[in-house]
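Student: Have a look at this one.
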Amino acid sequence: MRRYLALTKCAFLTGMVWRAHFIFTLISNLAYIVILYFLWKSIYGVSQTLNGMTFNQVFVYMTVTSSIFVLFKTWLEWQVSRDIISGAITTQLTKPLDHQLMVLSHAFGRTLNNALVITLPALAVLFGIFRASIPVGWNVLFFCLSLPLACLLSLVIDYIIGLTSFYTESLWGISTTKEIIVLVLSGGLVPLGFFPEVMRNILSYLPFQAIYHTPASILTDASLSLADYTSMLGVQAAWVIVLLVISRLFFSQAVKAVTINGG
Amino acid sequence: MAIIGVKNLSKHFKVLNRHEGLLGAARDLFSTDYRLVKAVDDISFQIEPGEIVGYIGPNGAGKSTTIKMMTGILKPTEGKIEVNGNVPFKNRQKNAQNMGVIFGQRTQLWWDLPVIESFKLLKEIYRVDQETYDHQMGMFNELADLKALYPQTVRSLSLGQRMLCDITASFLHNPKIVFLDEPTIGLDISIKARIRELIKELNRTHNTTIILTTHDIGDVEALCSRIIIIDQGHILYDGDIKRVNQLFGAYRTLRVQVRPYKGEQTIDQVRQTLVERYGEDRDFTVRSREMGWINITFRQDEMPLLEVLNYAMSRLPIRDVQIVELALEGVIRRIYEGALQ
Amino acid sequence: MFANLVHYGRLYLRLEAQYIKARMNYRVDFIVSSIGMIFSNIASLAVFWVLFHTIPHLAGWTFEEILFIYGFYLLAVSPAQIFFDHIWQLRYHLMEGTFIKYYFRPLNMMFYYMSEMVDIKGFAQVVLGGAVIAYASTQLGLTWTAGRIGLMILTLFSASLVVIAILVIASCAAFWTLQSYSILALAFRLREFAQYPTTIFDGFFRFLFTYIIPIGFIAFYPSQLMLRPQEASWLIYISPVVGIALFALAYLVWSVGVNSYSGTGS
Ligand SMILES: Nc1ncnc2c1ncn2[C@@H]1O[C@H](COP(=O)(O)OP(=O)(O)O)[C@@H](O)[C@H]1O
Ligand SMILES: [Mg+2]
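Protein chains in written order, with the numbering used here: chain L, 1 to 263; chain Y, 1001 to 1341; chain W, 2001 to 2266.
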């Protein structure tokens, strides 16, 4: 466990070294909040609620999802892909470290760094400058529980995407496609509440909504009960497990295929 | 008429001092703690057309920085340069037309293209006419036998093959001056010999001026009649190679790490130990240039390397050893001590 | 001068032809990347579609009008994407020291650097943008008179220059910080603001996006001129000046960067 912790710490430190990076990422994300504010302000116009959500709710929802998006951006799939293309992954197999665990702990370090640089300042602006408000109660606690699950889910999906490099080198295309699909289908660009009924039903059977929609709606929707919270977390956890299993199967399958073909 | 004139040239870099650890990283965010590195410090020389000059010195001496200034990449902090009648930094493009450059192991050919396509593109870029192109390509073929490599992509070449292609490519447009920055670094002996041969021939056929940096004395011995030695930004020696020749090769340097390390006291301890074995009058020096590491420089013919190593290991608490590739440092030390004056 | 232009033109075609030939070895990559790019554009369209499910107009603009702006935006960002794609690699070249080779040729450095890459999939974006504009203008009953086509070409030209300039200036940060990804990301984000009507912003930000970082000129102001000329401000008529001035500024920043870049020690 300590070895993995060391990796986490190392990634965190590397992130801190780049000061210009720090400042500009901050500005970039604040700028995004600004556009969200104005965009949704003009969408609401004079209406009080749209699709059952107030402007304030939507604004918090969108800020949370977009902050989560940057928070979970760890370039993990690129690291996996590099390891595969350079062949480092095959030498990894001979070491007493689990590749997936190693990559995930490294990525987790980056999210901590992201949290410091992105999420906390974004929240400060949200509540400080824009005077947004959320209902405070059990939802905050469940939000804090749901966030790591969402993170894990997102990282595992990235890991699976990275593994496609066993078969093709065109990670850029695959990764962009994944990113945009996940964003749209999980409420990253428009709250899922704005989608037509039919689509919302379909989306509830997919893992994507557990990444952005679940934490964001736990935080903003005051009408949810404790039972709702637990079932939402349950769904998240279930998806994490399912995808973890899939990624492991995929990994061993891919390694087998590659070693047979002589890589 | 000199083709290159350098006068009181200096280049200083400002470098941020980084701190260690978590707090240090946080501090660096707002740090204004800079340190000045004098990469090149007040150097002057002149080079005549057709010369092959060896520009030598240990790592970090300032060789590449000087070349970058002569090729117009870096603006000098102070001083004057004239290359071929141009001020390189001001007339980069014009200067480039009469110049060829090789920088270390970085190829300037197109990574994904077959070698021959790179040559064709260069022909286009430098506006080389067909006749000159055919003539040059014919000559390269005779000298280096590259034809077999033409259909391969640059990516797929070995380091040595790539360097051969890179060097010939830098001569394609028949430049007046070619700068070669460490063209033999990381290559094995046989390919080194081929490259030296190629450079020599290319210099002879068109009387091209060549500035060659290296820290391999072998390159210099094979190619240059004149050398300029630089260390820590200063020129230590500029002149005939023969006068320094006897010093080359004779000296070796052993780097040892002694624990516990107590500064002067440890250095003295090492010196005493060696004096015990070899006596006071032997020609060797013991110094420390870096915390914890001690350099022992001695004449190989008087004190065989392995013997010194074994003896030191048996008498001193040595944690780690390195054998320094060449005795350049020893030579430079001797120059500091006035051996050449 | 003219001979020089011909030389550069020929050279450009030669370099790009070689590049494309080399890329053809990665055909799958090309196809997958094109799909990815088209997907992201379709996603943006889908977002508008979902939104207009709920609201009748956005800041007074109808769905079709917003589509028109988006199509214009796609066309305006395409030249930057197609011909200046190598700019994304700048920071790697600077970090790894491989940028040094661009100094050694008797060519304009920006030209030489950009000519080493062309993003073919950007052409797919041009087609998509054209299709969106065609659809929107049919729905809106817009007639394409010669005057309007001329206006479209002129405004597109200046809009493209604005996009290129913003991208180049942001990338040039790499000359000084070597860690410019975040700045580039910021520019990329700002660029995305261009697909919305600049009028959704109030006071300060509208000023900012009109005069300081003129992303309003990328799609909104030109579209306004096409769709509602009576509402268009006089500003749009100086858009070619804005485009050229901004590009000149970008070229200046690039030149200063190139000159001050001190290379990683080798
Ligand atoms: N861009 C730079 N920024 C800061 N210091 C540099 C830079 N380039 C070189 N240096 C420093 O200048 C000195 C000389 O470097 P260089 O000319 O590359 O040496 P050489 O080529 O002789 O090995 C070294 O101490 C190096 O660390
Ligand atoms: Mg060097």
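Just so it is clear, CB atoms sit at the ideal spot from N, CA and C, and this is done for glycine as well.
Could you tell me which uninterrupted alpha helix (DSSP H) segments, each at least 4 residues in length, are contained entirely in the segment 80–150 of chain L, listed from first to last along the chain?
Tutor: As far as the segment 80–150 of chain L is concerned, its whole alpha helix (DSSP H) runs of at least 4 residues are 88–92, 99–114, 120–128.
Student: Would you identify the three-state DSSP class for residue 1181 of chain Y, choosing helix, strand or coil?
Tutor: Here residue 1181 of chain Y refers to the residue found at position 181 of the second sequence. Correct three-state label for residue 1181 of chain Y: strand.
Student: Are the CB atoms of residue 1253 of chain Y and residue 1296 of chain Y within a distance shorter than 8 Å?
Tutor: As a first step, residue 1296 of chain Y must be located in the second sequence, where it is residue number 296. As a first step, residue 1253 of chain Y must be located in the second sequence, where it is residue number 253. Yes, Cβ-Cβ distance for residue 1296 of chain Y and residue 1253 of chain Y is below 8 Å.
Student: Please tell me whether, using a cut-off of 7 Å, the distance from the CB of residue 1119 of chain Y to the nearest non-hydrogen atom of ligand 1 is below it.
Tutor: The residue labelled residue 1119 of chain Y in the question sits at position 119 within the second sequence. Answer for residue 1119 of chain Y: no, Cβ out of range of ligand 1.
Student: Which residues mark the beginning and the end of the beta strand (DSSP E) in which residue 1234 of chain Y is found?
Tutor: To locate residue 1234 of chain Y, count along the second sequence from 1; it is residue 234. 1234–1240 is the span of the beta strand (DSSP E), which, as asked, contains residue 1234 of chain Y.
Student: For residue 2214 of chain W, I'd like the list of residues in its chain whose CB is within less than 8 Å of its CB, leaving aside the five on either flank, ordered along the chain.
Tutor: For the purposes of this step, residue 2214 of chain W is taken as the residue at position 214 of the third sequence. So the list reads 2162, 2242, 2246, once near-sequence residues are dropped.
Student: Using the C-alpha atoms, what's the distance from residue 2198 of chain W back to residue 1073 of chain Y?
Tutor: The residue you call residue 1073 of chain Y lines up with position 73 of the second sequence. The residue you call residue 2198 of chain W lines up with position 198 of the third sequence. If I take the Cα positions, the gap works out to 42 Å.
Student: Within 10 angstroms of its Cβ, does residue 1978 of chain W collect 16 or more other Cβ (buried), or is it exposed?
Tutor: The structure shown does not extend to residue 1978 of chain W, since chain W spans only 2001 to 2266, so no value can be given for it.
Student: Going along the chain, which residues of its own chain have a beta-carbon closer than 7 Å to the beta-carbon of residue 1041 of chain Y, five neighbours each way excluded?
Tutor: As a working note, residue 1041 of chain Y is residue 41 in the second sequence. The residues are 1010, 1233, 1234.
Student: Any chance the segment 1200–1208 of chain Y sits against the segment 1146–1155 of chain Y, with 3 or more Cβ pairs inside 8 Å?
Tutor: Not touching, per the Cβ criterion.
Student: Can we count residue 1182 of chain Y as close to ligand 2, meaning its CB is less than 7 Å from some heavy atom?
Tutor: Locating residue 1182 of chain Y in the second sequence gives position 182, where the first residue counts as 1. Because some heavy atom of ligand 2 lies under 7 Å away, the Cβ of residue 1182 of chain Y counts as near it: yes.
Student: Taking the alpha-carbon positions, what's the residue 1238 of chain Y to residue 1186 of chain Y distance?
Tutor: The count along the second sequence starts at 1 and reaches residue 1238 of chain Y at position 238. The count along the second sequence starts at 1 and reaches residue 1186 of chain Y at position 186. Cα to Cα, the separation comes out at about 26 Å.
Student: Anything in chain W within Cβ reach of residue 1075 of chain Y, meaning under 7 Å, just list it in chain order.
Tutor: The residue given as residue 1075 of chain Y occupies position 75 in the second sequence. The answer, in chain order, is 2259.
Student: Decide if residue 2071 of chain W is buried, meaning its Cβ has at least 16 other Cβ atoms within 10 Å, or exposed.
Tutor: Position 71 of the third sequence holds residue 2071 of chain W. Result: buried.
Student: Could you have a look at residue 1045 of chain Y and say whether DSSP puts it in helix, strand or coil?
Tutor: Within the second sequence, residue 1045 of chain Y is the residue found at index 45, counting from 1. Residue state, collapsed to three classes: strand.
Student: What residues in the segment 2097–2125 of chain W bring their beta carbon closer than 7 Å to a beta carbon of chain Y?
Tutor: So the list reads 2097, 2098, 2100, 2101, 2103, 2104, 2105, 2106, 2107, given in the order they occur along the chain.
Student: Based on the DSSP output, what are the partners of residue 1106 of chain Y in its beta bridges?
Tutor: The count along the second sequence starts at 1 and reaches residue 1106 of chain Y at position 106. Answer is Y:1103.
Student: With respect to 7 Å, is the separation between the Cβ of residue 1063 of chain Y and the closest non-hydrogen atom of ligand 1 below this value?
Tutor: Counted from its first residue, the second sequence places residue 1063 of chain Y at position 63. Yes, Cβ of residue 1063 of chain Y sits closer than 7 Å to a heavy atom of ligand 1.
Student: Could you list which residues in chain Y have their beta carbon closer than 7 Å to that of residue 2014 of chain W, in chain order?
Tutor: Looking up residue 2014 of chain W in the third sequence gives position 14. Per Cβ cutoff of 7 Å: 1121, 1124.
Student: Using a Cβ-Cβ cut-off of less than 7 Å, list which residues of the segment 2227–2259 of chain W approach chain L; keep chain order.
Tutor: Within the segment 2227–2259 of chain W, no residue has a Cβ that lies closer than 7 Å to any Cβ of chain L.
Student: Round the Cβ separation of residue 2029 of chain W and residue 169 of chain L to the nearest angstrom and send it over; I've been treating them as touching at under 8 Å.
Tutor: As a first step, residue 2029 of chain W must be located in the third sequence, where it is residue number 29. As a first step, residue 169 of chain L must be located in the first sequence, where it is residue number 169. With 8 Å as the limit, residue 2029 of chain W and residue 169 of chain L qualify as a contact, their Cβ atoms being about 6 Å apart.
Student: In angstroms with no decimal places, state the Cα-to-Cα distance between residue 1046 of chain Y and residue 1006 of chain Y.
Tutor: For the purposes of this step, residue 1046 of chain Y is identified with residue 46 of the second sequence, where counting begins at 1. For the purposes of this step, residue 1006 of chain Y is identified with residue 6 of the second sequence, where counting begins at 1. Distance between the alpha carbons of residue 1046 of chain Y and residue 1006 of chain Y is about 6 Å.
Student: Given that residue 129 of chain L touches chain W, what residues does it touch there, using C-beta distances under 8 Å?
Tutor: For the purposes of this step, residue 129 of chain L is taken as residue 129 along the first sequence, with counting starting at 1. Simply none; closest approach about 13 Å.
Student: Taking DSSP as the reference, what is the three-state secondary structure of residue 76 of chain L?
Tutor: Locating residue 76 of chain L in the first sequence gives position 76, where the first residue counts as 1. Looking at residue 76 of chain L - three-state DSSP - the assignment turns out to be helix.
Student: Between the Cα of residue 50 of chain L and those of L:209, L:211, L:182, L:190, spot the shortest distance and give me the residue it belongs to.
Tutor: Start at 1 with the first residue of the first sequence, and residue 50 of chain L comes out as number 50. With distances taken between Cα atoms, residue 50 of chain L lies closest to L:190.
Student: Anyone know if the C-beta pair for residue 54 of chain L and residue 36 of chain L falls short of 8 Å?
Tutor: Within the first sequence, numbered from 1, the residue matching residue 54 of chain L stands at position 54. Within the first sequence, numbered from 1, the residue matching residue 36 of chain L stands at position 36. Their beta carbons are not under 8 Å apart, which means residue 54 of chain L does not touch residue 36 of chain L by this criterion.
Student: Determine whether the beta carbon atoms of residue 2011 of chain W and residue 1124 of chain Y lie at a separation below 8 Å.
Tutor: The residue you call residue 2011 of chain W lines up with position 11 of the third sequence. The residue you call residue 1124 of chain Y lines up with position 124 of the second sequence. In contact: residue 2011 of chain W and residue 1124 of chain Y (Cβ atoms closer than 8 Å).
Student: Exposed or buried, which one is residue 263 of chain L when buried takes at least 16 other CB atoms within 10 Å?
Tutor: Here the question's residue 263 of chain L lines up with position 263 in the first sequence. Low local confidence applies: a pLDDT of 43 at residue 263 of chain L is under 50, so the model's placement there is unreliable, with the coordinate-based value given in what follows. Residue 263 of chain L should be labelled exposed.
Student: Starting from residue 84 of chain L, find everything on chain W with Cβ-Cβ shorter than 9 Å and list it in chain order.
Tutor: As a first step, residue 84 of chain L must be located in the first sequence, where it is residue number 84. Residues of chain W passing the Cβ test: none, with the nearest at roughly 15 Å.
Student: Across which residues does DSSP place residue 1005 of chain Y in a beta bridge pair?
Tutor: Here the question's residue 1005 of chain Y lines up with position 5 in the second sequence. Bridge partners of residue 1005 of chain Y: Y:1046, Y:1082.
Student: Could you name the residues of the segment 2009–2039 of chain W whose beta carbon sits closer than 9 Å to any beta carbon of chain Y, in the order they occur along the chain?
Tutor: From the segment 2009–2039 of chain W, only 2010, 2011, 2014, 2015, 2018, 2019, 2021, 2022, 2023, 2025 have a Cβ closer than 9 Å to chain Y.
Student: Given the structure, does residue 1013 of chain Y come close to ligand 1, in the sense that its CB is under 7 Å from one of the ligand's heavy atoms?
Tutor: Stepping through the second sequence from its first residue, residue 1013 of chain Y is reached at position 13. It does: the Cβ of residue 1013 of chain Y is within 7 Å (strictly closer) of some heavy atom of ligand 1.
Student: Can you give the Cα-Cα distance for residue 174 of chain L and residue 2032 of chain W, rounded to whole angstroms?
Tutor: Along the first sequence, read from residue 1 onward, the residue named residue 174 of chain L stands at position 174. Along the third sequence, read from residue 1 onward, the residue named residue 2032 of chain W stands at position 32. Residue 174 of chain L and residue 2032 of chain W: Cα-Cα distance of roughly 7 Å.
Student: In this structure, how does DSSP classify residue 2118 of chain W when only helix, strand and coil are distinguished?
Tutor: As a position in the third sequence, residue 2118 of chain W is number 118, starting the count at 1. In this structure, residue 2118 of chain W counts as coil in the three-state DSSP scheme.
Student: Determine the closest residue to residue 1137 of chain Y out of Y:1064, Y:1077, Y:1158, Y:1167, with distance taken between C-alpha atoms.
Tutor: In the second sequence, the residue the question calls residue 1137 of chain Y occupies position 137. Checked all of Y:1064, Y:1077, Y:1158, Y:1167; the closest Cα to residue 1137 of chain Y is Y:1167.
Student: Which of the three DSSP states, helix, strand or coil, is assigned to residue 2145 of chain W?
Tutor: Taking the first residue of the third sequence as 1, we reach residue 2145 of chain W at position 145. Correct three-state label for residue 2145 of chain W: coil.
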